[in-house]
Amino acid sequence: MESVLVVVMGVAGAGKSTVAVEVARRVGGVFAEGDDFHSPENVAAMAAGRALTDWDRWPWLGSIRDWLAAQHAAGRPAVVSCSALARVYRDLLRDAGPVLFVHLTGSPELLAERIGGRAGHFMKADMLASQLATLEPLGPDEPGITIDVAAGLERIVDAAVGYLDGAADQASVVPNARPSK
0 MESVLVVVMG VAGAGKSTVA VEVARRVGGV FAEGDDFHSP ENVAAMAAGR ALTDWDRWPW
60 LGSIRDWLAA QHAAGRPAVV SCSALARVYR DLLRDAGPVL FVHLTGSPEL LAERIGGRAG
120 HFMKADMLAS QLATLEPLGP DEPGITIDVA AGLERIVDAA VGYLDGAADQ ASVVPNARPS
180 K
């Protein structure tokens, strides 16, 4: 697959990193963990239970955009895990090139259960409500697919890669257009 840029997005507990690693492997791309782009101040704030503001998020999102743009310029397929909760955040990420989104979604109960089962992560279950309140699902004009995480990892990755295979062909012709199914 040519230099497709993929953002695996969603709220905490959706399994963004796990899915993104597997999608990157399957498409022969490089993977980046979106959380690694956070400043130490952002990580400390979230670990203390404070939701990030847009002011906190813009530099983080800009760093992810720059990484995606560098991969695109090098002709490498790239997959990054990033919450990308609001459309304006996704608009910024799309400045990197032809970005496709894989939006992982699930019930608040399942997501909270998953967050509670993680060890050593700075995002705590009590911050899920603020992420769900901020979340703007993909719009009909945004290039992406929404997948329920209750489906299980293999089915999620199969659906994502199937979408990307079809979308990559069309994205080079019509950037940022949602491929028809």
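Using numbering that gives the first Met the number 0, you'd call the opening residue of the sequence shown number 0 and step up by one each time.
The beta-carbon is built from N, C-alpha and C at its ideal position, and this holds for glycine as well.
Taking buried to mean at least 16 other C-beta atoms within 10 Å of its own C-beta, is residue i buried or exposed?
{"i": "Arg154", "result": "exposed"}
{"i": "Glu183", "result": "Residue 183 falls outside the range modelled here, since the chain spans only 0 to 180, and no answer is possible."}
{"i": "Leu110", "result": "buried"}
{"i": "Leu152", "result": "exposed"}
{"i": "Pro76", "result": "buried"}
{"i": "Gly27", "result": "exposed"}
{"i": "Pro97", "result": "buried"}
{"i": "Ala13", "result": "buried"}
Quick one: what's got a C-beta closer than 6 Å to residue i's C-beta in the same chain, skipping five residues either side?
{"i": "Val7", "result": "Lys15, Val18, Ala19, Ser80, Val101"}
{"i": "Asp55", "result": "Asn41"}
{"i": "Val78", "result": "Val5, Ala19, Val22, Ala23, Gly28, Phe30"}
What did DSSP end up calling residue i once you bin it into helix, strand or coil?
{"i": "Ser80", "result": "strand"}
{"i": "Thr17", "result": "helix"}
{"i": "Leu103", "result": "strand"}
{"i": "Asp94", "result": "coil"}
{"i": "Leu60", "result": "helix"}
{"i": "Ala31", "result": "strand"}
{"i": "Val10", "result": "coil"}
{"i": "Leu133", "result": "Correcting the residue identity first, residue 133 is Thr in this sequence and not Leu. Here Thr133 sits in helix by DSSP."}
{"i": "Val42", "result": "helix"}
{"i": "Asp147", "result": "strand"}
{"i": "Val3", "result": "coil"}
{"i": "Lys180", "result": "Confidence is the limiting factor: at Lys180 the pLDDT is only 32, short of 50, which leaves the residue's position unreliable and the question unanswerable from this model."}
{"i": "Leu67", "result": "helix"}
{"i": "Gly165", "result": "helix"}
{"i": "Glu141", "result": "coil"}
Give me, in chain order, the residues of the same chain whose beta-carbon lies closer than 7 Å to that of residue i; leave out the 5 immediate sequence neighbours on both sides.
{"i": "Asp147", "result": "Thr104, Gly105"}
{"i": "Ala149", "result": "Gly105, Leu109"}
{"i": "Trp57", "result": "none"}
{"i": "Leu137", "result": "Phe100, His102, Gly143, Thr145"}
For residue i, which residues from the same chain have a beta carbon less than 8 Å from its beta carbon, with the 5 sequence-adjacent residues on both sides left out?
{"i": "Ala69", "result": "none"}
Can you find a heavy atom of the ligand ZN that lies under 7 Å from the Cβ of residue i?
{"i": "Ala166", "result": "As far as ligands go, the structure on display features none, and thus does not contain the ligand ZN."}
Q: Count the C-beta pairs between the segment 88–100 and the segment 51–67 that are closer than 8 Å, then say yes if the count reaches three, no if not.
A: yes
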